[in-house]
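Visitor: Line by line, the protein sequences are chains L and X. The first sequence: position 1 = 3 (this note's numbering), numbered continuously. The second sequence: position 221 = 270 (this note's numbering), numbered continuously. Idealized CB from N, CA, C, for every residue including glycine. Please read through the structure below; I'll follow up with questions.
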Amino acid sequence: MNMKILVNILSGFVRSVRVWKWIILIWFAFLLLVSLFTLPVKSGINMTLGSSMITEKIAAGYFFDVIANDGFSLKTILPQFFSGLFLVVTVGLLLNIFFTGGLFNVLREDGRRRKASDFFGAAGSNFWSFLVISIITFSILFILALIIIGIPAAIAVSKDSDLILRKTITISSIILLILIPLVITSADYARAWQVTSSEKNAFKAFGRGVKMMFRSFLTSYISVALILGIQVLFMLLAVRSLLYAEPSKGSTIMLMWLYGQLLAILKIFLRSWRYGVVTGLYESHF
Amino acid sequence: MICCRDFIPGGKTGAFLILLFISSLNSGAQVILPRPLSQRITCYSIDAVLDPSEKVVKGKMEAFWVNSSPDVVPDVWLHMYLNAFSSNQTTFYRETGGSPGSKIEDPGWIKLNSVYDGKGRDLRDAAKYISPDDGNPFDRTVLRIILPEPAKPGDTVFLKAEFESKLPSVIRRTGYADDFFFVAQWFPKFGVYEPAGMRYAVKGGWNCHQFHSTSEFYSNHSVYDVNITVPANYVVGTGGMTLGEKDNGDGTKTLVTRAEDIVDYAWTAWPGYAVYKDRWNHVDITFLTPPERKDMVQRHLTALKYALEYLTENVGPFPWPHLTFVDPPSKGSGAGGMEYTTLFTTISAYGLPEYFLMPEMVTVHEFGHAYFMGILANNEFEEPWLDEGVNSYWENRIMDHYYGGAGMINHPLIKISDRSVARTSYVLSPTRQAADNSLMSWEYPHGTYSMLSYHKAAVWLHTLTGIIGEETMNEVFREYYREWAFKHPSGKDFVDVFNKVVPAIYGNKFGENLNWFFKQTLYGTGICDYKVAGITNRKIRDFEGVSFENDSTLFTKANYRDDSLYVSTVELQRDGEIILPVEILVRFDDGTEKLEQWDGKERVKDFTYTGTSRIQWVKIDPEYKNVMDVDYINNSMTVKPDHKPVRKIFTRVATLLMLFIDFISI
Chain L
3 MNMKILVNIL SGFVRSVRVW KWIILIWFAF LLLVSLFTLP VKSGINMTLG
53 SSMITEKIAA GYFFDVIAND GFSLKTILPQ FFSGLFLVVT VGLLLNIFFT
103 GGLFNVLRED GRRRKASDFF GAAGSNFWSF LVISIITFSI LFILALIIIG
153 IPAAIAVSKD SDLILRKTIT ISSIILLILI PLVITSADYA RAWQVTSSEK
203 NAFKAFGRGV KMMFRSFLTS YISVALILGI QVLFMLLAVR SLLYAEPSKG
253 STIMLMWLYG QLLAILKIFL RSWRYGVVTG LYESHF
Chain X
50 MICCRDFIPG GKTGAFLILL FISSLNSGAQ VILPRPLSQR ITCYSIDAVL
100 DPSEKVVKGK MEAFWVNSSP DVVPDVWLHM YLNAFSSNQT TFYRETGGSP
150 GSKIEDPGWI KLNSVYDGKG RDLRDAAKYI SPDDGNPFDR TVLRIILPEP
200 AKPGDTVFLK AEFESKLPSV IRRTGYADDF FFVAQWFPKF GVYEPAGMRY
250 AVKGGWNCHQ FHSTSEFYSN HSVYDVNITV PANYVVGTGG MTLGEKDNGD
300 GTKTLVTRAE DIVDYAWTAW PGYAVYKDRW NHVDITFLTP PERKDMVQRH
350 LTALKYALEY LTENVGPFPW PHLTFVDPPS KGSGAGGMEY TTLFTTISAY
400 GLPEYFLMPE MVTVHEFGHA YFMGILANNE FEEPWLDEGV NSYWENRIMD
450 HYYGGAGMIN HPLIKISDRS VARTSYVLSP TRQAADNSLM SWEYPHGTYS
500 MLSYHKAAVW LHTLTGIIGE ETMNEVFREY YREWAFKHPS GKDFVDVFNK
550 VVPAIYGNKF GENLNWFFKQ TLYGTGICDY KVAGITNRKI RDFEGVSFEN
600 DSTLFTKANY RDDSLYVSTV ELQRDGEIIL PVEILVRFDD GTEKLEQWDG
650 KERVKDFTYT GTSRIQWVKI DPEYKNVMDV DYINNSMTVK PDHKPVRKIF
700 TRVATLLMLF IDFISI
């Protein structure tokens, strides 16, 4: 069993390395998307601050003193910032759903060399199905969170003990964390099946995904859970290192940018790795 | 000290009854403090019994008020605060639009079952609810009792009453939540009789306002002997010193408590409290908190000791040897953040991160009220800024002093000073010019009470500190304490202290007095905004071939001088109405700096320099001492703007956003 899991994980890793070009493409698309939002906002803020030396306060971490000024209209900037943020996240999610169709296709190993037309063809033809699979997955996760955390927490609140509330939320969160890989494994199997099938039916795909997940339960669950764990750990380390980096010169800020982009590429690679593992499992079992 | 025997009215029988009364009230005895700190013209002795199932406190009260005025006073006025929560027709309800209690089915009220004077005469028929502020016939928060005989100067008016106080579900820092009780504003309490000349009184009269949505208190310093009977399993905290506790043998216990020279007495009871004891110099500290918040205990105690230390050093001593503070459980969180001099409530929650200093801030703020309206007992109804604003100012100073200049959030990534919070509230408020600080608490328009009475007042006090210096400010407050402790200062008295101390230190440097400052800030609605409008660096040129044709001058050739002299100019502007002296720091490209002083009066002001170096940057108020300035961004200008901090932030934002989108993409 252990060996099988290791082989699957390694196979997924190799598949993911093999599709590096597509990972770079996805990264670049995201860089463009995010830049469309951040660059104008940055320019707007720079224009607002003009030749002021208030940026010294920003450098020292005292943002509040910059926000609280007549010259910096928080009421104007914040709604724009958050609506822009919402738009970028939404478009980003849709873009990812699109690219995921391509990724699942190029991760397959059937002796064929995958071309750009294969990648984009699969991305386009599976988009709607993958979108519905994503909605189903998000809905299940939301309902699970509501049932496992929300309801017990609401009951704990009525007990009026901070400690009971805290313990309830901790235990509920652990249960939810155990269940999340089940849902995600099912979704990954669903998508692995969908790219190989000519029938584009998200509900059928998800049903098959659940079935396939239970058929090779331990191998699938442990493999996906391990990679999800690595993804979460990576995110924590990446976010922490980014937040606590304190570059002050132009060159070191550029280095931070390069480092951040490397992290973004690695993050896409990790996701692709998980898809590769599930694609491998799908191909070997079904 | 006023001896009660000096006030005995009536004949021998009356004198005997009253002597009995006095002995029971025990006001002259020194149990806690070595000597009386106030005139003690009101005293209370109360036996209170809590009925947890009915949410009622039954009380027997004996109290007196001494007519220390030169007036003949025909009546006494009492606050009946809990009646503010009795119906949806009270003035409080009309102002807030909320329910009488936090739940509509849980009103609060207080009623007098009996009331007698010192000679045993029934005063019920002489008692009538009045509404001196708004004439609302449904408001029953002020009770007027016409005395059988007017009180002559020096007379003592005794009252003996039985009352019932039904507590509302927790609202406005009083009430109950399940088995938690915070018993505040709970007994009939004398207003303050103000003779002509006291504060703003032009003729003698009772100052006893109704309970308003934004008002708090104004009371005489009093002695309170309060016996509290509660179920035996309840943990009790009070504003008094516990002198004894006895088991009544019927499942209840009675605590014997006493407080001296405080302006209000409140108490709390809940079986779930964990009790922590500590000591700071002469002060025994008791802290009541839900047991699961034990991680917060040291944070609160440390903050309290900081406040004790700072205020003792910079304002005056904390005289009482006892102090109790309470962190109410979540269900009673509505009782959090309130002050009763030697008892106050704070707030916190389990597991709050250490960099988030809100719990410490509330502890420091509420404790600070022991000074600002506890010791220096101003009229909070009429001049809320004088305690809330002044207290917020000191809270800002204490928090920022002890928590590394970031007294609200002190995290490596983000720092928010407590002073900034006050400034932000004022600067970003669209109604910051809606009123000045001279209004009664309930007259502040459009929800501006908190912003104007807490934050704007704190902001102009910080600004004044920037002008006269922190040590001078401390000296002003030390004098304010020396002159007004255990009395009732008004805003005018507060200003007078400034006008006495500051010229004594600085002579005429800031004028004969500081009225010019208070007129613009305390009693004004203008805003303050100084800005750098421009910097110019111009090379001096020699001209050749100058000719004059038809009275016009023609320059045919301009040569730069070999020694490259520059004429550099800083252009400053005053955009706001408020005029304050400001400092301007100018830096030249050879590294030299020049600190200029500007009286701030002109709308436009230039500083011009001729020399070999050019101006690199200029800062108005380089140390950000003028906290009233509504725009810090235009306070400085540089010829080489540095946008690296913004770039750094957006590099982070872009990368984190990319990581986030990928993370939530399953």
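For the 8 Å Cβ check, are there 3 or more pairs between the stretch 372 to 380 of chain X and the stretch 389 to 399 of chain X?
Guide: yes
Visitor: Any beta-carbon of chain L closer than 8 Å to the one on residue 11 of chain X?
Guide: Since the first residue shown for chain X is 50 and the last is 715, residue 11 of chain X is missing from the structure and cannot be characterised.
Visitor: In the DSSP assignment, find the unbroken beta strand (DSSP E) run with residue 42 of chain X in it and report its ends.
Guide: Lying before the first or after the last residue shown, residue 42 of chain X is absent from chain X, which here runs from 50 to 715.
Visitor: Determine the chain X residues that contact residue 241 of chain L at a beta-carbon separation under 8 Å, and present them in chain order.
Guide: Counted from its first residue, the first sequence places residue 241 of chain L at position 239. Result: 705 and 708.
Visitor: Mind pulling the chain L residues with CB within less than 9 Å of residue 670 of chain X?
Guide: Here the question's residue 670 of chain X lines up with position 621 in the second sequence. Near residue 670 of chain X there are no residues of chain L at all, since even the closest Cβ is about 12 Å away, more than 9 Å.
Visitor: For residue 692 of chain X, which of helix, strand or coil comes out of DSSP?
Guide: As a position in the second sequence, residue 692 of chain X is number 643, starting the count at 1. If DSSP states are grouped into helix, strand and coil, residue 692 of chain X belongs with coil.
Visitor: Is the CB-CB distance between residue 679 of chain X and residue 67 of chain L below 8 Å?
Guide: Counted from its first residue, the second sequence places residue 679 of chain X at position 630. Counted from its first residue, the first sequence places residue 67 of chain L at position 65. Taking a C-beta distance under 8 Å as the contact criterion, residue 679 of chain X and residue 67 of chain L do not qualify as a contact pair.
Visitor: Contact defined as beta carbons within less than 8 Å: I believe residue 357 of chain X pairs with residue 324 of chain X. What is the distance between those atoms, to the nearest angstrom?
Guide: Position 308 of the second sequence, counted from the first residue, corresponds to residue 357 of chain X. Position 275 of the second sequence, counted from the first residue, corresponds to residue 324 of chain X. About 19 Å; that fails the 8 Å criterion.
Visitor: With distances taken between CB atoms, is the gap from residue 142 of chain L to residue 193 of chain L smaller than 8 Å?
Guide: For this step, residue 142 of chain L is matched to residue 140 along the first sequence. For this step, residue 193 of chain L is matched to residue 191 along the first sequence. No, they are not a contact pair.
Visitor: Evaluate residue 11 of chain L with the Cβ neighbour count: other Cβ atoms within 10 Å of its Cβ, from every protein chain shown; 16 or more gives buried, anything less gives exposed.
Guide: On the first sequence, position 9 is the one that residue 11 of chain L refers to. Its Cβ being crowded by 16 or more others within 10 Å, residue 11 of chain L is buried.
Visitor: Along the stretch 391 to 403 of chain X, where does the CB come closer than 8 Å to a CB of chain L? Name the residues.
Guide: 398, 399 and 400
Visitor: Hey, residue 615 of chain X and residue 660 of chain X are a contact pair by Cβ (cut 8 Å); roughly how many whole angstroms apart?
Guide: Here residue 615 of chain X refers to the residue found at position 566 of the second sequence. Here residue 660 of chain X refers to the residue found at position 611 of the second sequence. That belief holds up - the Cβ atoms of residue 615 of chain X and residue 660 of chain X are roughly 6 Å apart, short of 8 Å.
Visitor: Taking the alpha-carbon of residue 219 of chain X as reference, which of X:558, X:232, X:275 and X:175 has the nearest alpha-carbon?
Guide: Stepping through the second sequence from its first residue, residue 219 of chain X is reached at position 170. Among X:558, X:232, X:275 and X:175, the Cα nearest to that of residue 219 of chain X belongs to X:232.
Visitor: Please list, in chain order, the chain L residues whose beta carbon lies closer than 7 Å to that of residue 686 of chain X.
Guide: By one-based count along the second sequence, residue 686 of chain X stands at place 637. In chain order: 53 and 54.
Visitor: How about the stretch 303 to 317 of chain X and the stretch 278 to 286 of chain X: do they share at least three Cβ pairs that are nearer than 8 Å?
Guide: yes
Visitor: Please name the residue, chosen from X:497, X:648 and X:550, that lies closest to residue 562 of chain X on a Cα-to-Cα basis.
Guide: Here residue 562 of chain X refers to the residue found at position 513 when the second sequence is read from its first residue. Per the Cα distances, X:550.
Visitor: Please report the Cβ distance between residue 193 of chain X and residue 177 of chain X, rounded to the nearest whole angstrom; I am assuming they are in contact, meaning their Cβ atoms lie under 8 Å.
Guide: As a first step, residue 193 of chain X is located in the second sequence; it is residue number 144 there, counting from the start. As a first step, residue 177 of chain X is located in the second sequence; it is residue number 128 there, counting from the start. So it is a contact: roughly 5 Å between Cβ atoms.
Visitor: Excluding the 5 residues flanking residue 470 of chain X on each side, which residues of the same chain have their C-beta closer than 7 Å to its C-beta?
Guide: Taking the first residue of the second sequence as position 1, residue 470 of chain X is located at position 421. Closer than 7 Å at Cβ, skipping near neighbours: 457.
Visitor: When the Cα atoms are used, what is the spatial distance from residue 182 of chain X to residue 427 of chain X?
Guide: By 1-based counting over the second sequence, the position of residue 182 of chain X is 133. By 1-based counting over the second sequence, the position of residue 427 of chain X is 378. Roughly 19 Å separates the two Cα atoms.
Visitor: Let's test the definition: count the other Cβ atoms within 10 Å of the Cβ of residue 287 of chain X and tell me whether it reaches 16, buried, or not, exposed.
Guide: For this step, residue 287 of chain X is matched to residue 238 along the second sequence. Residue 287 of chain X should be labelled buried.
Visitor: Name, please, each residue of chain L whose Cβ falls closer than 9 Å to the Cβ of residue 376 of chain X.
Guide: Reading the second sequence from its first residue, position 327 is the one you call residue 376 of chain X. Simply none; closest approach about 11 Å.
Visitor: Apply the 10 Å Cβ neighbour rule to residue 102 of chain X and answer buried if 16 or more other Cβ atoms are within range, or exposed otherwise.
Guide: Mapped onto the second sequence, residue 102 of chain X falls at position 53. Looking at its Cβ environment, which holds fewer than 16 other Cβ atoms inside 10 Å, residue 102 of chain X is exposed.
Visitor: With a CB to CB cut of under 6 Å and the five nearest residues on each side skipped, what residues in its chain are close to residue 512 of chain X?
Guide: In the second sequence, counting from the first residue as 1, residue 512 of chain X sits at position 463. So the list reads 675, 676 and 677, once near-sequence residues are dropped.
Visitor: For the stretch 469 to 485 of chain X against the stretch 573 to 580 of chain X, are there 3 or more C-beta pairs whose distance is under 8 Å?
Guide: Taking 8 Å as the limit for Cβ pairs, the verdict is that the stretch 573 to 580 of chain X does touch the stretch 469 to 485 of chain X.
Visitor: Using CA coordinates, which residue listed in X:650, X:708, X:642 and X:641 is at the minimum distance from residue 621 of chain X?
Guide: Here residue 621 of chain X refers to the residue found at position 572 of the second sequence. Of the listed residues, the one whose Cα sits closest to residue 621 of chain X is X:650.
Visitor: Using the beta-carbon count (16 or more within 10 Å), is residue 144 of chain L buried or exposed?
Guide: Here residue 144 of chain L corresponds to residue number 142 of the first sequence, with the count starting at 1. Its Cβ having fewer than 16 others within 10 Å, residue 144 of chain L is exposed.
Visitor: Keeping to the same chain, check which residues put their C-beta closer than 7 Å to that of residue 72 of chain X; ignore five residues upstream and five downstream.
Guide: Working through the second sequence from its first residue, we reach residue 72 of chain X at position 23. Annotation note: pLDDT 48 at residue 72 of chain X (below 50); position unreliable, no value reported.
Visitor: Is the CB-CB distance between residue 684 of chain X and residue 664 of chain X below 8 Å?
Guide: As a position in the second sequence, residue 684 of chain X is number 635, starting the count at 1. As a position in the second sequence, residue 664 of chain X is number 615, starting the count at 1. Against a cut-off of 8 Å, the Cβ pair of residue 664 of chain X and residue 684 of chain X comes out as no contact.
Visitor: With a 10 Å radius around its C-beta and 16 neighbouring C-beta atoms as the bar for buried, classify residue 36 of chain L as buried or exposed.
Guide: Along the first sequence, read from residue 1 onward, the residue named residue 36 of chain L stands at position 34. Under this definition residue 36 of chain L is a buried residue.
Visitor: Is it true that the stretch 444 to 455 of chain X meets the stretch 399 to 410 of chain X, where meeting means three or more beta-carbon pairs spaced less than 8 Å apart?
Guide: yes
Visitor: What are the residues that DSSP puts in a beta bridge with residue 234 of chain L?
Guide: The sequence position of residue 234 of chain L within the first sequence is 232, counting from 1. Answer is none; residue 234 of chain L lacks a bridge partner.
Visitor: By the criterion of Cβ-Cβ separation under 9 Å, what are the contact partners of residue 680 of chain X in chain L?
Guide: As a position in the second sequence, residue 680 of chain X is number 631, starting the count at 1. Those are 71, 72, 73 and 74, listed as they occur along chain L.
Visitor: For chain X, is any of its Cβ atoms less than 8 Å away from the one on residue 134 of chain L?
Guide: For the purposes of this step, residue 134 of chain L is taken as residue 132 along the first sequence, with counting starting at 1. No, residue 134 of chain L does not count as interfacial toward chain X.
Visitor: When the Cα atoms are used, what is the spatial distance from residue 39 of chain L to residue 82 of chain L?
Guide: For the purposes of this step, residue 39 of chain L is taken as the residue at position 37 of the first sequence. For the purposes of this step, residue 82 of chain L is taken as the residue at position 80 of the first sequence. If you take the alpha carbons of residue 39 of chain L and residue 82 of chain L, they lie about 10 Å apart.
Visitor: Within a Cβ cutoff of 8 Å, which residues of the same chain sit near residue 707 of chain X, ignoring the five residues on either side of it in sequence?
Guide: For the purposes of this step, residue 707 of chain X is taken as residue 658 along the second sequence, with counting starting at 1. Same-chain partners within the cutoff: there are none.
Visitor: Please confirm whether residue 197 of chain L and residue 124 of chain L have their CB atoms less than 8 Å apart.
Guide: The count along the first sequence starts at 1 and reaches residue 197 of chain L at position 195. The count along the first sequence starts at 1 and reaches residue 124 of chain L at position 122. Contact flag set, yes.
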